[in-house]
Amino acid sequence: MNPPRDLHIPWRNLLRLIAFSAPLMLLAAGCSRPAGAPPKDSATGPSPGVPAHVSHGEHGGHGGHGVAGAQAPPSTLRVLTAPEQPAAGEAIGLSLEITDPAKTVVRRFEPLHEKLAHLIIVRDGLDEFAHLHPEVSEDGTLRTEHAFPKPGRYRLYVDYQPAGGVPSLAVGELTVAGDAPPAPTLVANTAAPIEEGGLRAKVEVDQGAAATSIRFRITDADDRPISTLQPYLGAMGHLVVIRAGSLDYVHAHPANEAKEAPDGIVAFEAHLPSAGLYKAWGQFRHNDRILTFPVVLEIAAGKEATGGHPH
Ligand SMILES: [Cu+2]
């Protein structure tokens, strides 16, 4: 059962800075601070006695070109939880603060895809996914609740547009204590239809020189096209793409601004310049339900321009 939305959570009493990292930073500080202490500047390095948190995956190798397609360098996301030690399966209060690349805390937001902020949460192995829309407090703090299904490390991404700015991405993380079960190995699953909520999605991937097209054909269980998809977040669907291992968040957008899809076909474009496995979650609204189709894409090298990075 969900606690009431206005549950009073004494954030000030349990300030805890959870390790965070941004894809373009080789090192990010993981540190704690006592209640009332001023925030530390994450970019100046770890506090004494706290080991540097080294970015995972391939960032260490070439400094990262992480957020392919994002319009601005990533911001950092400070993640506070209530309770301080989040446990799996319980509703956890999340309080998120965004600091932009110029080290300014973001306090004012403009709507982006009909919301002030989109929060995407995945577990390290990409076996868990959530897409939430936090409330924005007066001071710019983003607040929501989420039950993390399993122990393990989670990456949090906020898609947002600061007032007067451009679409941006903030990245943070938190760990849910306990024995983290390993995620199933990712295997490309686009050869067969993906079933969800009584519907099917056939996913076609077309790697072009400028972008990769990811096309969903939504049908019923008998392969008849669904003509009654409903708009969701200002488009006919929403797609999140994250690279396995490095956890780079890939900007993806609908191929057109149509507000209907009479043939059940919805296409997206994403920039996937490096070869590898990507997990994508295509979300569609049908009969007032949001259906999420998990897709594993295997992207070959040498199609899209790599922006000068060797691979
Ligand atoms: Cu959203």
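Using my numbering, the first residue of the sequence shown is number 1, and each one after it goes up by one. We put the beta carbon where it would ideally sit given N, CA and C, even for glycine.
- Those residues that have a beta carbon less than 6 angstroms away from any non-hydrogen atom of ligand 1 are, in order along the chain, K115, H118, H131, H133 and L233.
- Fully contained in the segment 68 to 98 are the following beta strand (DSSP E) runs of length 3 or more, in chain order: 75 to 82.
- Shown here, K115 sits in a strand according to DSSP, grouped into three states.
- When only Cα atoms are considered, G165 and A258 end up about 25 angstroms apart.
- Per DSSP, reduced to three states, the secondary structure at F148 is coil, with no helix or strand assignment.
- Listed as beta-bridge partners of E269 by DSSP are S213 and H253.
- Of the residues K202, N256, A180 and P111, the one whose Cα lies closest to the Cα of P167 is P111.
- Close CB contacts of N189 within its chain, under the 6 angstroms cut and outside five residues either way in sequence, are with V296 (chain order).
- Taking D220 as reference, the option from R285, E195, V241 and A211 with the minimal CA-CA separation is E195.
- Take A300, set aside five residues on each side of it, and the residues of its chain with a beta-carbon closer than 8 angstroms to its own are Q207 and A275, in chain order.
- According to the DSSP assignment, E173 belongs to the beta strand (DSSP E) that extends over S168 to V176.
- Taken through DSSP and simplified to helix, strand or coil, G276 comes out as strand.
- In the three-state reduction of the DSSP assignment, D139 falls in the coil class, being assigned neither a helical nor a strand state.
- The Cβ-Cβ distance between E97 and T141 falls below 8 angstroms.
- Its chain contains G197 as the residues whose beta carbon lies nearer than 7 angstroms to that of R289, once the 5 sequence neighbours on both sides are disregarded; these appear in chain order.
- For the pair of segments examined, the segment 148 to 167 was found to touch the segment 175 to 182: the number of CB pairs separated by less than 8 angstroms reaches three.
- Assignment of A235 by DSSP, reduced to helix, strand and coil, places it in the strand class.
- When DSSP states are grouped into helix, strand and coil, P101 belongs to the coil group.
- By the neighbour-count definition (other C-beta atoms within 10 Å, threshold 16), S227 is an exposed residue.
- Distance between K279 and G237, taken at the CA atoms: about 16 angstroms.
- Linking V122 to W281 through their CA atoms gives a straight-line distance of about 11 angstroms.
- Annotated three-state conformation of H131 is strand, per DSSP.
- By the Cβ-count criterion, A244 is buried, with 16 or more other Cβ atoms from all chains shown falling within 10 Å of its own Cβ.
- For K259, there is no enclosing beta strand (DSSP E), as DSSP marks it with neither H nor E.
- Look at I226 here: in three-state DSSP terms it is coil, with no helix or strand label.
- Your pair I242 and L77 does not check out as a contact, with CB atoms roughly 15 angstroms apart and the cut at 8 angstroms.
- Take the alpha-carbon of V240 and the one of A163: they are about 23 angstroms apart.
- Per DSSP, reduced to three states, the secondary structure at P184 is coil, with no helix or strand assignment.
- Only buried fits T99, as 16 or more other CB atoms lie within 10 angstroms of its CB.
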